[in-house]
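Colleague: Dropping a structure here in structure tokens format, bear with me for questions.
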Amino acid sequence: MNWTYVLDDAELLEGHMTAAYPLGINVILARVSDTIYAISGKCAHMACPLFIGKLDGYIITCPCHDWRFDVRTGKFLDATELRLEVYPTKSETGKVYVNLNILV
Ligand code: FES
Numbered sequence: 000m001n002w003t004y005v006l007d008d009a010e011l012l013e014g015h016m017t018a019a020y021p022l023g024i025n026v027i028l029a030r031v032s033d034t035i036y037a038i039s040g041k042c043a044h045m046a047c048p049l050f051i052g053k054l055d056g057y058i059i060t061c062p063c064h065d066w067r068f069d070v071r072t073g074k075f076l077d078a079t080e081l082r083l084e085v086y087p088t089k090s091e092t093g094k095v096y097v098n099l100n101i102l103v
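Structural data, given as structure tokens:
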């Protein structure tokens, strides 16, 4: 796996999310129940930036038209055949990494 550093673990507080751009890819990082999830930062509807949306538990709500996505699976709650890309994460020695599923 190709792991890319995204932020220091201490920067992301419980119940919060932030945007990151590892290798130029728009990713949302969200910490829920002390697990960090990484998901595409562009809404599946019209690509609005999800980092200015709302995080409530495991659910991100898009700021543009209220589509809701589960950060664990990337699934759109109203039609689960639609989903955002989800990326594996890991935390080592206080640093968080994502695997973007691309060759680097
Ligand atoms: S762009 Fe996200 S709901 Fe429309």
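The sequence shown: position 46 = 45 (numbering that gives the first Met the number 0), numbered continuously. Glycine residues also receive a C-beta, built at the ideal position from the N, C-alpha and C atoms. Computed from a predicted structure; not experimentally measured.
1. Thinking just about the alpha-carbon of each residue, which of Cys47, Glu80, Trp2 is nearest to the one in leucine 22?
2. State yes or no: is the C-beta of serine 39 within less than 8 Å of the C-beta of leucine 6?
3. Compare the Cα-Cα distances from alanine 78 to each of Val85, Leu49, Thr17, Phe68 and report the closest residue.
4. Secondary structure at alanine 18, three-state DSSP: helix, strand or coil?
5. When you compare only the Cα positions, how much space is there between glycine 93 and lysine 53?
6. Apart from the five residues just before and just after alanine 29, which ones in its own chain have a Cβ nearer than 6 Å to its Cβ?
Modeller: If we stick to the structure as given:
1. Trp2
2. no
3. Phe68
4. Correct three-state label for alanine 18: strand.
5. 26 Å
6. Met16, Tyr36, Leu54, Val70
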